[in-house]
Structures are given as structure tokens and as C-alpha cells.
Amino acid sequence: QVHLQESGPGLVEPSQTLSLTCTVSGGSISSDNYYWSWIRQPAGKRPEWIGRIYTGESESTSYSPSLRSRVTISADRSKNQFSLRLTSVAATDTAVYYCVTYNWRDYYFQSWGQGTLVTVSS
Amino acid sequence: QSALTQPPSVSGFPGQSVTISCTGTRVDIGNYNRVSWYQQSPGTAPKLIIYGVKNRPSGVPDRFSGSKSGNTASLTISGLQAEDEADYYCSSYTSGNTLAVFGGGTKLTVL
Numbered sequence: 050q051v052h053l054q055e056s057g058p059g060l061v062e063p064s065q066t067l068s069l070t071c072t073v074s075g076g077s078i079s080s081d082n083y084y085w086s087w088i089r090q091p092a093g094k095r096p097e098w099i100g101r102i103y104t105g106e107s108e109s110t111s112y113s114p115s116l117r118s119r120v121t122i123s124a125d126r127s128k129n130q131f132s133l134r135l136t137s138v139a140a141t142d143t144a145v146y147y148c149v150t151y152n153w154r155d156y157y158f159q160s161w162g163q164g165t166l167v168t169v170s171s
Numbered sequence: 042q043s044a045l046t047q048p049p050s051v052s053g054f055p056g057q058s059v060t061i062s063c064t065g066t067r068v069d070i071g072n073y074n075r076v077s078w079y080q081q082s083p084g085t086a087p088k089l090i091i092y093g094v095k096n097r098p099s100g101v102p103d104r105f106s107g108s109k110s111g112n113t114a115s116l117t118i119s120g121l122q123a124e125d126e127a128d129y130y131c132s133s134y135t136s137g138n139t140l141a142v143f144g145g146g147t148k149l150t151v152l
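Chains as they are written, first to last, in this note's numbering: chain F, 50 to 171; chain P, 42 to 152.
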């Protein structure tokens with residue numbers, strides 16, 4: 050079973066850039082079994098899919114239409130990590146951010162990191 | 042893409058059964074057998090309990106079962122136990138540019 054661990058600042062100022070990294074263990078990020086995804090969940094609300102990266106034979110990304118203009122997801126195969134970058138953040142971006150594997154063959158989110166709370170505030 | 046609709050809360054006594062509904066549209070639940078369910082206890086990440094409408098990952102008790110009819114999926118928990126008290130979220134694959142949509146969550150209280 051793949052293990053995921055998020056890391057990054059817990060506090061970001063408004064209009065700045067949120068950057069998080071997910072370290073993968075127990076499996077290779079080059080595996081074609083998964084989409085490597087980011088999901089966020091504001092307190093008391095539903096999870097929201099942010100985007101994903103596929104690092105199989107060829108690399109591809111896909112993002113939520115509502116966040117596409119501000120989001121970049123990238124991967125570092127040498128470190129077995131993938132990262133999230135969200136620009137121009139506002140208070141509405143405050144949430145617990147999870148890195149998650151998505152089983153694209155059977156269409157479900159399989160392994161979740163423990164999550165990291167990011168607060169946008171000055 | 043529209044989100045999925047779940048009842049805010051359900052409750053039941055130990056040993057009873059409860060069913061949580063999840064209503065979508067023909068662009069998600071109605072058109073695909075790609076519904077999954079997640080259990081989330083306070084302060085923890087969601088945990089997969091059902092995928093592909095009715096399949097259980099290894100380690101999930103058979104007290105948890107899933108089904109679908111039309112645009113609505115359902116999660117049934119039989120023989121309720123105190124440890125089942127949690128929030129439950131449904132999710133579905135959807136056509137279009139979003140990988141998946143989630144329901145608003147249902148809080149299960151074991152009385």
C-alpha cells in the first residue's frame with residue numbers, strides 16, 4: 050500500500066502562493082497505476098478535487114475548471130514526490146489539503162495522506 | 042460540474058441498519074457505475090469503503106454495502122456499531138473536465 054505524506058507551510062498570506070509537497074513511499078511515482086491527485090476540504094465541508102498528474106509512460110495533468118487558472122501540479126521522479134502550487138490565494142482557500150492516489154482503472158481515490166491544514170491569513 | 046446531494050444526517054441504534062442516499066445526475070451517477078464511498082472520522086483523512094457502486098476493499102466489513110438505481114446511489118450499513126459513527130461521503134466519476142465530484146457528506150450518529 051502506498052503511503053503519502055504532505056508537507057509545506059501551514060500559514061500563507063493573502064495574494065501569495067501556496068506550495069505543498071507530497072512524499073510517496075511504498076511505491077514509485079512513475080507507476081502507471083495511479084493518478085497522483087490533490088484534494089482539499091474546508092472545515093465542515095465536502096472534499097474538492099483540485100487536480101492530478103499522471104507520470105506513467107507520458108506525463109499529463111488535469112485540473113478542476115474552477116481552479117485551473119491558479120493551479121500547477123508537478124512531479125519530481127528523483128525524489129518520488131509530487132507538488133501543488135496555488136497562486137493568488139484568498140481566505141476561501143483555507144482548508145485541509147490532502148495528497149491522494151486515484152485508481153484510474155476502477156475510478157476511486159485509494160490512498161490518502163494524513164492531510165495538512167493551510168490557513169490563508171495576514 | 043454539480044455536486045452530489047446527501048442527507049445531512051442519519052441515525053440508528055446499535056444493531057439496526059441505516060441507508061444513506063447520494064443523488065446525482067445523468068452526467069455522473071446516472072451514466073456510470075463509478076460511485077465510491079468514504080468514511081471520515083473527526084480529524085482524520087477519508088477512508089475508502091466502497092468502490093464501483095458495490096465493491097468493498099479488503100478489510101472493510103461486509104456490514105457495508107452499496108447499490109445504485111438511476112441517478113441515486115445508496116450506502117447501507119447493517120448491524121450498526123458505535124465505531125461506525127462518522128461522516129460519510131459519496132463520490133462519482135463525471136463526464137467533463139472534473140475527475141470526480143463529491144457529496145456534501147452525511148453525519149451518522151449511533152444512538
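Backbone N, C-alpha and C define an ideal beta-carbon position, used for all residues, glycine too.
What you are looking at is a predicted structure, and each value in this text was computed from that prediction instead of being measured.
Could one say the Cβ of residue i lies closer than 7 Å to chain F's Cβ atoms, at least one of them?
i	result
residue 123/P	no
residue 75/P	yes
residue 120/P	no
Output the boundary residues of the beta strand (DSSP E) element that contains residue i.
i	result
residue 92/F	Looking at the DSSP string, residue 92/F is not in any beta strand (DSSP E), and its letter there is neither H nor E.
residue 128/P	127-134
residue 103/P	It is not in any beta strand (DSSP E) - residue 103/P carries neither H nor E in the DSSP assignment.
residue 40/F	Residue 40/F lies beyond the stretch modelled for chain F, which goes from 50 to 171, so this question has no answer here.
residue 140/F	Where residue 140/F is concerned, there is no enclosing beta strand (DSSP E), given that its DSSP letter is neither H nor E.
residue 77/F	Segment: none, residue 77/F is in no beta strand (DSSP E) and carries neither H nor E.
residue 113/P	113-118
residue 166/F	165-169
Please list, in chain order, all residues of the same chain as residue i whose beta carbon is under 7 Å from its beta carbon, the five residues on each side excluded.
i	result
residue 148/P	49, 50, 128
residue 73/F	51, 53, 129, 130
Ignore the nearest five residues each way along the sequence and tell me which others in residue i's own chain have a CB closer than 6 Å to its CB.
i	result
residue 58/F	none
residue 132/F	70, 123
Give a yes or no on whether 7 Å exceeds the smallest Cβ distance from residue i to chain P.
i	result
residue 114/F	yes
residue 155/F	yes
residue 59/F	no
residue 146/F	no
residue 65/F	no
residue 5/F	Missing from the structure shown is residue 5/F; chain F here goes from 50 to 171 and no further.
residue 54/F	no
Assuming residue i contacts residue j under a Cβ cut-off of 8 Å, what Cβ separation, rounded to an integer in Å, is found between them?
i	j	result
residue 113/P	residue 106/P	The Cβ separation is near 15 Å, so there is no contact.
Could you pull out every residue in the same chain whose Cβ sits closer than 8 Å to the Cβ of residue i, ignoring the five residues on either side in sequence?
i	result
residue 140/P	134
Chain F contacts from the region 128-150 of chain P (Cβ-Cβ distance under 9 Å): 130, 132, 133, 134, 137, 138, 139, 140, 141, 142, 143, 144, 145, 146
Chain-ordered residues of the region 80-97 of chain F with a beta carbon less than 9 Å from chain P: 84, 86, 88, 90, 93, 94, 95, 96, 97
Chain-ordered residues of the region 84-97 of chain P with a beta carbon less than 7 Å from chain F: 86, 87, 89, 92, 93
Selection of the region 101-112 of chain F by Cβ proximity to chain P, strictly under 7 Å: From the region 101-112 of chain F, only 101, 111 have a Cβ closer than 7 Å to chain P.
Against chain F: residues of the region 104-119 of chain P by CB proximity under 7 Å: Identification of residues in the region 104-119 of chain P having a C-beta nearer than 7 Å to some C-beta of chain F yields an empty set.
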